[in-house]
Structures are given as structure tokens and as C-alpha cells.
Amino acid sequence: MCLAIPHRIVAITDERTCRARAGTAEVLVRTDLLSSVQIGDSILVHAGFAIEKLQEEDGRELESLWEEIRALEATLSPEPVSDFTDISPGMSDGSERMNHA
Amino acid sequence: MPERTVPFFGGLVSRPTTLMEVCGTHTVSIFRNGIRSLLPKELTLLSGPGCPVCVTDQSEIDAALSLASLSGVTVTTFGDLLRVPGRDGSLLDARGRGADVRIVTSASQALETALREPEQQVVFLAPGFETTAPSTAAVVLEAAEKKATNFSVLSLHKLVPPVLRVLAADPELAVDGLLLPGHVSVILGEAPYSFLPERYGIACVIAGFEAEEILFGLTELLRQIHTNRPTVRSLYGKAVRPGGNVRARELMERVFLPVDAPWRGLGVIPSSGLALRKEFRPWDATQRFPLPTIPAQEETGCRCGDILTGKLTPPECPLFDNPCTPASPVGPCMVSSEGSCAAHYRYALRGTP
Amino acid sequence: MSRLTLGHGSGGRLTQQLVHRIAGCFPLSGHDMEDCAIAPDGSGATMDGFTVTPRFFSGGNLGKLAVCGAANDLAVRGIRPEQLLLSVIAEEGFDEEELLEHFRSAGAVCGALEMRLVGGDTKVVPRGAVDGLFLSACALGREEPRREEQLGAARLQPGDTLLLTGPAGRHGATIAAARYELNVPGLASDCAALWPLLAPLLSLPGLRAMRDCTRGGVGTVLCEWAESRHLGISVEERTFPADPGVVSVADLLGLDPLYLACEGTAVVAVAPGDAAEALRLLRSHPLGTEAAAIGIVTENHPNLVSLTTHIGGRRLVDMPVGELLPRIC
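Residue numbers (the working numbering), protein chains in the order written: chain A, 15 to 115; chain B, 14 to 366; chain C, 9 to 337.
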């Protein structure tokens, strides 16, 4: 529900404000909700406030989950699983399904 | 994000399965990326009550409209709230009639407006879930510190776990898995959702918002359902700490108190809203201004509650298309441009099923 | 009695409906009601009103916007803009130097187009009666070359290729950035006169229709075309030229670049046989270096615009309802 965009801090303005970049845009961001920030931090910003520092994801955990899913799928479908083009229905199919949602 | 080396969903959907995304930003991303068109037929994806702006109740908008009609009052709020209708039109309509309604993109801009224009009474209409409420809290504290006597807040904040509790307790709700709101979870962490798998057997995933992250999240839900081991799993570890953002929650708790709150289309949900605590009364718009006692929302006949939970399809709602349309919406499913009813309306209008 | 909202002026569905109600007041009105009227002798006229906040923005100002906007409405119909009438409504107290600044910018565009100012009107109204300065521009010109069948949506055929002359949404994103206090280095309005870019296409026999995407953006133009011809349009997201500044602003404010206004970017429909040449001609002009083929006209899904997303999903592109508002959700 809440739009939040990653930014990178380029300057600390005062004890509760920093300048941060999202893409090519530079904006003032409030840092009240974080205990400490420094230049170079990657932050997640919602409605002008940093709500969390972003950290490197632990790729191994996701990768192992991925392996698990892959292994599970292999036990389910002996034939190669369908790809996007096969399961991508036409416009009317897609819209029909949206109607049910 | 691991590289997509196998198709999502593969053979994981072996029986009709219903998943729900509980977050308006997921809804938007699912729509913008055309994700529904990629889902296998047996998989139904419902849009839950996850847009905090869209669930702002008619009675709350009526209160905002009565504030906007006072002379000397400037009403500030986020852009998406302007279209949400009250009984007597929306804030956009009020602006058209001459009310001073201004869009801000942050609560702090609302306070800045007050500090810049001391002769105006500036009210910040504060919608939003746990993601947004801490920022309002920070600004209330700042207003108190700066003794800004011309600034106040009308809290429309809502809380996510209570509404999930209501949904999950509904015996007719047939949802197998929930894509949990990623940015609410940044604040709350994972713990508040544990009752969902434990008590109701509902699979739960906290996911990011890129198309690939959503597809990965849906796949993980299907895995949990398939193996019959529901749990709360976060795939959004780059932003969500297991314990959430403690500092943000402390700020929120310092300024606000949980209260019963009305949700558009869902009715009053116990302890699902936030009111300013007594000590912050000077900045509470409900204390500063003589707001009429807002009657509970009139019976509109809106069936959004049933549509959100998948019990009805949009055309089965008696209000669909007359009088409820995207240009004059009644319930949250039509208020949100990506809501189920608004999406359905667009197709119906354009002469396709 | 219902009242007008800003949504009625934002170029999407509400505007379309209001225009139909207005036309209904007239016993005689044109059946196509396009932005530009073409007489049987090949002369064309268009008229457009302009207001923008802020009046100065990266890439232009109100004066430049007015002339480019009016001239572009002619250019996309294959009409060389030759003459200009300008009507000024200024608020009492308006700075004369600023007024002249707008006209110097307008004059520079006219000079480059060899377009002559031939008339106009000037009103000053009491303070508060308008917000600063409103300009209305009427542009006149002549079809060049003369054609038996006018360019326009009526000529669209299934199989036609759709070209976009540049990244979508640069004007809208620039204005939104200014209004919501985002500093976006490198982002500028695309505000420009399109005649020099589009004129070389006019000799292509397969050229069907062109539209400058103003309010409502590229998405609205595509919807209007699909609806007016009862044909489908399919576009492919990954083929769209993108401007990093537009993407940043759209991400931050929760807006869709497809609906952000352009003021110097056009959609061009051309028979498939001429598409490669049209693209080459566009790309050889400085305004069209990023031009790209973005989709096709199709008999499938009549009246609907379908977009294939970067992950291979498909979705509908609909006209925006009402004013574009930044969102937190």
C-alpha cells in the first residue's frame, strides 16, 4: 500500500534531514525514523521519510529457496514446465481473470 | 534476486488456489506489469484492503470536508486522498468550490506550510498504515517542539494486523495465501503476522515490489501451500528486519493511541485506527475545531467487503456502474484506480468481457 | 448542478466527455472535432489556450509553450504553420519584463519556423481574475504537399506501425518536479516545434496519422486512436524510449509516464512498408534521435490498447480519469 523508493544519501543536512538521490532526482529526506545515517547509505523512502536502511540481501538464502522450488517442481511435472508464452493468455483471457479478482 | 532460471508457477498449482495481495502498491505493480495475464487458470489473485487511502471512510472524508469549509483553514494532504468521496463530494470538489486544499508529498511539508503561513490554520489530513504513521508522529513532535499553534493533524491512520485478523476470522474467506504488505512490514517486522499461519493455516510471504519479486513471492506461497507448511517468510530481507523498525514504532506509540476506526466498505474494526494521545491535544484537529459529530457512514449498499474477500464479483454488487463508477466511486474497490471494481469497469466500459 | 474540476481540463476521459457536451450545444459542428480544422482548399487553423505553473521551467516557458503547442497541432496534420495570432490575458500588476520574456521566447520559435505574427488581442484584468498570465494562440497554415486524403486517425489500418519520436512524459515530469520540489538535473521539458522533425515524413505515401501527445500523454493518444477507429493497438513496453529523469519523477510521485504530458513528442502511424524509412528520417533530426517503433495497429481487441510489459505480461492502457495526482500508495 505504501509507495517507497530506494534513495542514496549524498549529504547530511541537519540532525533530521539529508539530501538523497533516487535515480537522477535529488530530494530532501527526513531521517527521524532511523537511529543513524551517513553519506552513501542506501535508504528506503516513503512520503519524504526514510523508513529503513537497505542492506545487501543474503543471496544464498534466496538461492537455496529457489533450489528448493526447482527441486519440488521437478518432482511434479515430468515434462518441461511451460514457459511464459504458453501460459500467457490473450487479452480477453487476462481481462476476464482480472474481473474475477 | 536470483536469476529466473525456471518459469514461475511451473507445476505448483495442482488445484484451484486463491491468493490475496494485501498491499495497494503490490496491486499497482501487479497491474502495471500485467502479472495477472501470466497466472495459470487455477490461480486466483484477489486484491485485499491494502490501499490505506481507499479505505478512508466516507465519514472521515466528511470531517475533512467540514474542516476545509472553515475560513482561515488550509487543508494539506497526499494527492491520492483528494479523489476519495465523502457524502458531499471529494476534496477535489471542495477545492473547485474555493476551499484551500493543497497537495503535499510529505507530512513535513504540511508543517512547513504552517510555519511559513502563521496566519493560516493548517490541518494535515493523515491517511496511511504503519508505514506512514511514524512520519506523522515525527511531525507532531516537531510541531510541539516548535510550538506551532497553527498546525494540527486529522489522523486517518489505520493498522494492518487488525484488518487481517478480521479477514482471517471470516469463515467464508477462502484465501490460501497472503502476499503481505512489504513496507508495512518494514515497520512491523514479521512477528505480528504469525497468527495467520499458526491459527488459520494461511501461507504468508513478505515480498518486494518489482515484477520479479512479486512473481517469486507468489511462487513461494504456492510452495508453502503445496507442501502444506504455512509460515511467514520474508523475501524482502534487504528492507525488512525481522523485528521491524523499532524506533519508528516507538515514535508512533509515543504520539498515537489505538482506537476503533471505520473502514470504507468494511465497517468499524476494533483498535484498527490511531488517535493522538491526550498530551498532543493542541495538535489534534478533532480537538481544535468544532467538528460536527460525524454520524456513522450511511448505509450505501456498498459490497466492497464481499468483493475484497472474493465472495462477490464486481458486477454482482448492486451499486456497480450505477451509481458507483471510477469518476464517482462509492467503495474502495472503485476508489483505487487499480481496485477490482475500477479494473472491471474499464473492461466493461470498453465493450470487452 | 455539477461543477468543473481540474480533471475536466486534464486531457483524459473527463475532458473528452466535456467536449462532447460542449459540441452538443452547437447546431453545426465538425464531425471529427480534432485539434485542427482543415478547409477544402488545404488551409488549416488551430487554436489552443495555455496556462502553466510555474511559467518558467527547464526547457521552456509559457510563451514558447503557446507557440509550439499551436504550431504542432498544425504540423501533425501535415500543415506548415505560417501565421500566428496571440491573445493575452494578463493580471493587473503583472511584470511587463516577464511578459516580454515570454514573447521573446515565442518570437524565437516563430523565427525558426518562419512563422509570422499577424494579429491578436491583449486584455489586462483585475488582480485575482486570472492567475498571472494566460495565452491563447491561433496558428494558420497550408497543407504541404497538398493531399487528397487528409492525415488523421481515420486513415489508420490494421498492421500499421506506430512510432514514438522521443521519450514520453518529459514536459509533465518537469512540471511535476517543479511543483513538488524535486531537483532533477538533466530533466527538461520536450517543448519544441515539431514541423522540422515531421515535415520530411510527409512525402512518405504510407504515412497515416500523427499526433503530438500533449495533456494526457502518449497513453491518451493511443486510446483515442483505438476508439476513434474501433481498432486495437498493441505496444511493447521495452521498445519505448525512456528518459531517466522522467522515470525518477514517475517513481517518486507514483505516476505513469504514459500519462505525463509531452509538448514536443509525437506518435506517428505509418504503413509497415514505410516504417523503416520513417524511423530513419526521424532519427536523423536532433529532436528525433531516440525515436522508436513502439507497436502496431491490430484488428484484435478493438477499441483497446494493450501493452506487453517487460516481463511478458499484458495489460490494458486506459485513458486517465481526471487530474494526475501524486500518490503515496
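All residues carry an ideal CB built from backbone N, CA and C; glycine is no exception. Since the structure is predicted, the reported quantities are computational estimates derived from the model, not experimental observations.
message: So if DSSP puts N69 (chain C) in a beta bridge, which residue, or which two residues, is it bridged to?
response: C:F64
- prompt: What residues from chain B crowd round D28 (chain A), counting only those whose CB sits closer than 7 angstroms?
  reply: Neighbours of D28 (chain A) on chain B: none; closest Cβ ~12 angstroms, over 7 angstroms.
query: Closest to I319 (chain C) by CA distance: which of B:F44, B:G37, B:G61, B:C36 is it?
result: B:F44
- request: Starting from A151 (chain B), find everything on chain A with Cβ-Cβ shorter than 9 angstroms and list it in chain order.
  value: R30, R44, D46, L47, F63
query: Among all the DSSP beta bridges, which residues are the ones paired with R20 (chain A)?
result: In the sequence as displayed, the identity of residue 20 (chain A) is Pro instead of Arg. P20 (chain A) pairs with A:L58.
C-beta atoms of Q92 (chain C) and A83 (chain C) nearer than 8 angstroms: The sequence shown places Leu at residue 92 (chain C), rather than the Gln named in the question. No; because the gap between Cβ atoms is not below 8 angstroms, this pair is not in contact.
Close-in-space but distant-in-sequence residues of the same chain around T57 (chain B) (CB under 8 angstroms, 5 per side omitted): P29, T30, T31, L32, G323
query: So, using beta-carbon positions, are L287 (chain C) and A277 (chain C) closer together than 8 angstroms?
result: no
task: Could you tell me which residues DSSP puts in a beta bridge with Q134 (chain B)?
output: B:V86
- request: Name the residue from C:E156, C:S242, C:R154, C:A145 whose alpha carbon lies nearest to the alpha carbon of D326 (chain C).
  value: C:S242
task: Could you pull out every residue in the same chain whose Cβ sits closer than 8 angstroms to the Cβ of L59 (chain B), ignoring the five residues on either side in sequence?
output: T31, L32, M33, E34, V188, L321, T322, G323, S353
message: In this structure, how does DSSP classify K251 (chain B) when only helix, strand and coil are distinguished?
response: coil
- request: Kindly identify the DSSP beta-bridge partner or partners of L215 (chain C).
  value: C:V278
message: Going by beta-carbon coordinates alone, are F58 (chain C) and L143 (chain C) separated by less than 8 angstroms?
response: yes
message: For a quick check, are the C-beta atoms of V117 (chain B) and A298 (chain B) less than 8 angstroms apart?
response: no
message: Please return the same chain residues whose Cβ sits closer than 6 angstroms to the Cβ of G190 (chain B), not counting the five positions on each side in sequence.
response: L32, A216, L234, I238
message: With three or more beta-carbon pairs closer than 8 angstroms as the criterion, would you say the segment 214-232 of chain B touches the segment 157-172 of chain B?
response: no
message: Strictly below 7 angstroms CB to CB, what residues from chain C border I116 (chain B)?
response: L333, P334
- prompt: Helix or strand or just coil, what does DSSP make of L191 (chain C)?
  reply: It should be pointed out that residue 191 (chain C) corresponds to Asn in this sequence rather than to Leu. In this structure, N191 (chain C) counts as strand in the three-state DSSP scheme.
field: Distance, A25 (chain A) Cα to S148 (chain B) Cα
entry: 20 angstroms
message: Output needed in chain order: residues of the segment 62-78 of chain B with a Cβ under 8 angstroms from some Cβ in chain C.
response: C64, P65, V66, C67
- request: Kindly say whether E185 (chain B), judged by its beta-carbon, lies nearer than 8 angstroms to any beta-carbon of chain A.
  value: no
Nearest residue (CA-CA) to F63 (chain A), options A:A85, A:S49, A:E75, A:E71: A:S49
- prompt: In whole angstroms, what separates the C-alpha of I101 (chain A) from that of G202 (chain B)?
  reply: With a pLDDT of only 29 at I101 (chain A), under 50, the local geometry of the prediction cannot be trusted, and no value is derived from it.
- prompt: Using a Cβ-Cβ distance under 8 angstroms, would S148 (chain B) count as near chain A?
  reply: yes
message: Check whether the segment 151-165 of chain C and the segment 85-102 of chain C are in contact - that is, three or more C-beta pairs closer than 8 angstroms.
response: yes
- prompt: In this structure, what does DSSP give as the bridge partners for Q91 (chain C)?
  reply: C:R124, C:L148
- request: For the beta strand (DSSP E) containing L169 (chain C), list its first residue and its last residue.
  value: In the sequence as displayed, the identity of residue 169 (chain C) is Thr instead of Leu. 169-172 is the span of the beta strand (DSSP E), which, as asked, contains T169 (chain C).
task: Quick one: grab the DSSP three-state call for A355 (chain B).
output: helix
- prompt: Can you name the residues of chain A whose CB is closer than 8 angstroms to the CB of S119 (chain B)?
  reply: R44, A61, G62, F63
message: Once DSSP output is grouped into helix, strand and coil, what is the label at C118 (chain C)?
response: helix
query: With 16 other CB atoms within 10 Å as the buried threshold, where does F137 (chain B) fall?
result: buried
- prompt: Do C44 (chain C) and R178 (chain C) come within 8 angstroms of each other at the CB atom, strictly closer than that value?
  reply: no
message: Short of 9 angstroms Cβ to Cβ, which residues in the segment 282-315 of chain B face chain D?
response: Looking for chain D here will not work: the only protein chains present are A, B and C.
- prompt: So T126 (chain B) and V135 (chain B) are in contact, right, with Cβ under 8 angstroms, and what is the actual spacing, rounded?
  reply: 5 angstroms
message: Can you pull the chain C neighbours of D93 (chain B), defined as C-beta to C-beta under 9 angstroms?
response: G262, L333, P334, R335, I336, C337
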